[in-house]
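Worksheet: one structure, shown below.
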Amino acid sequence: MATLQLKDVRKSYGSLEVIHGVNLEIADGELVVLVGPSGCGKSTLLRMIAGLERVSAGTVAIGGKVVNEREPKDRDIAMVFQNYALYPHMTVFDNMAYGLRNRRTPREEIEVRVRDAARILELDEYLERTPRQLSGGQRQRVAMGRAIVRKPAVFLFDEPLSNLDAKLRVHMRVEIRRLQQALRTTSVYVTHDQVEAMTLADRLVVMNKGVAEQVGSPVEVYERPATTFVASFIGSPAMNFLPVSVNGESRTLTLRGGQPLTSLDSPSPAQDIIVGIRPEDIHLQPNGQGEAVRLVVGIDLVEVLGADSVLHGRLVGSEDRIMARLPGIHRIRAGESLPLFVAPDRFHYFLQSGRRMAQQ
Amino acid sequence: MKRAIFNDRLLPYLLLGPQLIVTLVFFIWPSGEAIWQSMLLEDAFGGSSRFVWFRNFERLFDDEGYWASFETTAIFSIAVATIGLALALLLATTADRSLRGAGAYRSLLIWPYAVAPAVAGVLWGFLFNPGAGLLPYYLNLMGVAWNHQINGNQALLLVIAAACWNQVSYNFVFFLAGLQSIPRALIEAAAIDGAGPGRRFWSIVFPLLAPTGFFLLVVNIIYAFFGTFGIIDALTKGGPARSTEILVYKVYSDGFRGQDFGGSAAQSAILMGIVVVLTVVQFRFIERRIHY
Ligand SMILES: Nc1ncnc2c1ncn2[C@@H]1O[C@H](COP(=O)(O)OP(=O)(O)OP(=O)(O)O)[C@@H](O)[C@H]1O
Ligand SMILES: [Mg+2]
Chain A
2 MATLQLKDVR KSYGSLEVIH GVNLEIADGE LVVLVGPSGC GKSTLLRMIA
52 GLERVSAGTV AIGGKVVNER EPKDRDIAMV FQNYALYPHM TVFDNMAYGL
102 RNRRTPREEI EVRVRDAARI LELDEYLERT PRQLSGGQRQ RVAMGRAIVR
152 KPAVFLFDEP LSNLDAKLRV HMRVEIRRLQ QALRTTSVYV THDQVEAMTL
202 ADRLVVMNKG VAEQVGSPVE VYERPATTFV ASFIGSPAMN FLPVSVNGES
252 RTLTLRGGQP LTSLDSPSPA QDIIVGIRPE DIHLQPNGQG EAVRLVVGID
302 LVEVLGADSV LHGRLVGSED RIMARLPGIH RIRAGESLPL FVAPDRFHYF
352 LQSGRRMAQQ
Chain B
1487 MKRAIFNDRL LPYLLLGPQL IVTLVFFIWP SGEAIWQSML LEDAFGGSSR
1537 FVWFRNFERL FDDEGYWASF ETTAIFSIAV ATIGLALALL LATTADRSLR
1587 GAGAYRSLLI WPYAVAPAVA GVLWGFLFNP GAGLLPYYLN LMGVAWNHQI
1637 NGNQALLLVI AAACWNQVSY NFVFFLAGLQ SIPRALIEAA AIDGAGPGRR
1687 FWSIVFPLLA PTGFFLLVVN IIYAFFGTFG IIDALTKGGP ARSTEILVYK
1737 VYSDGFRGQD FGGSAAQSAI LMGIVVVLTV VQFRFIERRI HY
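Keeping their order, the protein sequence lines are chains A and B. Counting in my numbering, the first sequence runs from 2 upward without gaps. Counting in my numbering, the second sequence runs from 1487 upward without gaps.
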């Protein structure tokens, strides 16, 4: 049980800085997910917490103590690797017991702890097997077991599910969440899968190019994305962005084709801004209460997913690309034009720089 | 996969032919000849020979000199294999730690292997020449009187050193490749699991290198048994007083210098048997001990 604190953590390889000052406070028992596209520095950040990479600047503190100079083994952490990193020449039992033996835990206690972990993870029957005699999902559980027997202060996960097939991934995701809630161990979980991120996280850290773009609860991040990057990364399909100009006096927003959209409540700091609309906020009918903005869309592709359908098209007039996600199955043909409706209180406003506008 | 079809039934034989002929002419035929000869006894003047079944072998096993050569071979090959392997492993772990991917240094370490054993022998002969060599001079300064031309133990030490030097780079390459095939995450997992560098080496790296090590052990023993002929011939010619006469060298000196063809052939038949056993052991073990 411990808190985890990152203060202005930076990482450089030679003269190349890849992590540009990350600040993060993780409460005791919290599960924080680092999410972002490939190469954004998630693993690097996690490995700095683990002590597998040196911290170039800033501090990492576990349980209130700065651990920058401590070896991984002295940080009281456990890590689950993407490829599991099980010791191939040891049995499942020995894999789990290895860390305890290194710490000179009494034999009887090792026995008890490993058997407990094996029971929780349903690995009892496999204790005498070697890793190569296990399926991917079982190996994954052994990797989890190796982490939990140690009862560390912090769990670190680096894309632990990315080698599993889709169905097993969903199953293990739920298992991990359940386990973490039962154990209440502070955890940092790295993934590039936004569904995994949304469902697992107490708090999300959305990373982009070595910067934490937004830190917040999944709902917060979804409802009020801090930047266009976050807005397009979280949510599927990605948010639509429509460039609009603000008519100074009336604060009216106009699309590039000249169509007025809505008007702002307060003055805008810029003339040209971006309106973001989530595909799931677009409907076939105006939504009962309040005004709705009407957008005429020329459809060029319909993807029917079963539970819902995704329409792809362009706004008639401005030619901006737009996607809409409608519940249910819709047999709309490509080439048709049809009116779609959005409530203006579902609009997100961004500056050209990508930052969310302070108002609204 | 699609099977290639050769309409010409002769083609496979044509393709295999050269290899088969080489094997036949340079391996099967001389081996057969040697086994045949090991059962013949030439008369004292080399004129005629008699078929004597296993008399040559019996004579060999009664010969104390033969057993002495066995002992020399055992000491020599155990020393060459263990020192050669240990040194190579040490070099490989050092290179793996500090020089992941640095090719230049690695290829430098490989050079000794490109030196033919006979040349290696001459080289070490120069270095340790009791009259003119550089190293005996320094050894003398340190109070060690070096003369491997009289001192049998020193001679044995010298051939061991030269043989190790010649072979260590080969072992090094295999160990380094073995080390680099161990995923880094395994070592990191062990580090997080509380294992220090020494424990990581002995509990993770070493067991995972065991198959490589075993393969090399057999290769090194075979090298020590047979491949070192050139080194011994160039350095000591089996002397002084047969102190460096290993089995292969005895085959040569008994046969070509002593003109005892039957006895020499019997010795080579025994050596062939040893190679067969070593090879079988190697395949058995390699099959069983691969971890991935
Ligand atoms: N040893 C290194 N030397 C130089 N640059 C490195 C090194 N390791 C990582 N990087 C760079 O640091 C950045 C972050 O890498 P990192 O592995 O943390 O990405 P990631 O977010 O985990 O990506 P992925 O989802 O693909 O695993 C990348 O741009 C990468 O090229
Ligand atoms: Mg990564």
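For glycine and all other residues, C-beta sits at the position ideal for the given N, C-alpha and C.
Pair within 8 Å by beta-carbon distance, residue i and residue j
| i | j | result |
| --- | --- | --- |
| residue 1723 of chain B | residue 1555 of chain B | no |
| residue 64 of chain A | residue 3 of chain A | yes |
| residue 75 of chain A | residue 187 of chain A | no |
| residue 338 of chain A | residue 327 of chain A | no |
| residue 1693 of chain B | residue 21 of chain A | no |
| residue 160 of chain A | residue 174 of chain A | no |
| residue 317 of chain A | residue 336 of chain A | no |
| residue 208 of chain A | residue 314 of chain A | no |
| residue 47 of chain A | residue 157 of chain A | yes |
| residue 357 of chain A | residue 350 of chain A | yes |
| residue 1733 of chain B | residue 1559 of chain B | yes |
Cross-chain neighbours of residue i in chain B, by beta carbon under 7 Å
| i | result |
| --- | --- |
| residue 88 of chain A | 1672 and 1690 |
| residue 73 of chain A | 1677 and 1678 |
| residue 100 of chain A | 1679 and 1680 |
| residue 49 of chain A | In chain order: nothing, as chain B lies at least about 13 Å away. |
| residue 53 of chain A | 1674 |
Same chain only: Cβ atoms within 8 Å of residue i, ignoring 5 sequence neighbours per side
| i | result |
| --- | --- |
| residue 95 of chain A | 88 |
| residue 1640 of chain B | 1632, 1633 and 1634 |
| residue 124 of chain A | 93, 118, 139, 142, 143 and 146 |
| residue 1520 of chain B | 1751, 1754, 1755 and 1758 |
| residue 353 of chain A | 271, 273, 274 and 275 |
| residue 1539 of chain B | 1525 |
| residue 19 of chain A | 12, 13, 42, 45 and 211 |
Residue i versus the options, residue with shortest Cα-Cα distance
| i | options | result |
| --- | --- | --- |
| residue 1655 of chain B | B:1683, B:1568, B:1574 and B:1731 | B:1574 |
| residue 84 of chain A | A:284, A:133, A:129 and A:103 | A:133 |
| residue 71 of chain A | A:55, A:82, A:79 and A:80 | A:55 |
| residue 321 of chain A | A:174, A:285 and A:260 | A:260 |
| residue 1726 of chain B | B:1753, B:1644, B:1566 and B:1526 | B:1644 |
| residue 1721 of chain B | B:1687, B:1642, B:1601 and B:1742 | B:1642 |
| residue 122 of chain A | A:107, A:178, A:49 and A:168 | A:178 |
| residue 1636 of chain B | B:1615, B:1621 and B:1678 | B:1615 |
| residue 1719 of chain B | B:1515, B:1567 and B:1648 | B:1648 |
| residue 68 of chain A | A:239, A:31 and A:50 | A:50 |
| residue 1676 of chain B | B:1667, B:1668, B:1758 and B:1690 | B:1690 |
| residue 1581 of chain B | B:1596, B:1567 and B:1568 | B:1596 |
| residue 1568 of chain B | B:1757, B:1646 and B:1766 | B:1646 |
| residue 308 of chain A | A:293, A:281, A:294 and A:275 | A:281 |
| residue 1695 of chain B | B:1507, B:1731 and B:1571 | B:1571 |
| residue 31 of chain A | A:155, A:77, A:112 and A:23 | A:155 |
| residue 153 of chain A | A:344, A:41, A:128 and A:185 | A:185 |
| residue 33 of chain A | A:291, A:215 and A:210 | A:215 |
| residue 1707 of chain B | B:1657, B:1536, B:1499 and B:1630 | B:1657 |
6 Å CB neighbourhood of residue i in its chain, flanking five on each side removed
| i | result |
| --- | --- |
| residue 13 of chain A | 57 |
| residue 1704 of chain B | 1764 and 1768 |
| residue 151 of chain A | 79 and 100 |
| residue 219 of chain A | 199, 202 and 205 |
| residue 1604 of chain B | 1716 and 1720 |
| residue 340 of chain A | 295 and 297 |
| residue 1487 of chain B | Any reading at residue 1487 of chain B needs caution, since the residue's pLDDT is 46, under 50, leaving its predicted position unreliable; the model's value is listed next. Excluding sequence neighbours, residue 1487 of chain B sits near nothing in its chain. |
Residues near residue i in its chain [Cβ-Cβ closer than 7 Å; skip 5 each side]
| i | result |
| --- | --- |
| residue 1523 of chain B | 1747, 1748 and 1751 |
| residue 1709 of chain B | 1653 |
| residue 1698 of chain B | 1660, 1661 and 1664 |
| residue 334 of chain A | none |
| residue 115 of chain A | 94, 97, 98 and 150 |
| residue 251 of chain A | 264 |
| residue 103 of chain A | none |
Closer than 9 Å at the beta carbon, the chain A residues around residue i
| i | result |
| --- | --- |
| residue 1583 of chain B | Result: empty, since nearest Cβ-Cβ is about 15 Å, beyond 9 Å. |
Per-residue contacts from residue i into chain A (C-beta, under 8 Å)
| i | result |
| --- | --- |
| residue 1669 of chain B | 84 and 86 |
| residue 1694 of chain B | 89 and 90 |
Interface partners of residue i on chain A, CB under 7 Å
| i | result |
| --- | --- |
| residue 1685 of chain B | 103 |
Residue i: contacting residues in chain B (beta-carbon distance under 8 Å)
| i | result |
| --- | --- |
| residue 3 of chain A | Those within 8 Å of residue 3 of chain A in chain B number zero; the least Cβ separation is about 16 Å. |
| residue 198 of chain A | Simply none; closest approach about 23 Å. |
| residue 312 of chain A | Simply none; closest approach about 44 Å. |
| residue 63 of chain A | Under the 8 Å cutoff, chain B gives no residues; its nearest Cβ is about 13 Å from residue 63 of chain A. |
| residue 78 of chain A | 1678 |
For review: beta carbons within less than 5 Å of any heavy atom in ligand 1: A:14, A:19, A:39, A:40, A:41, A:42, A:43, A:44, A:45 and A:193
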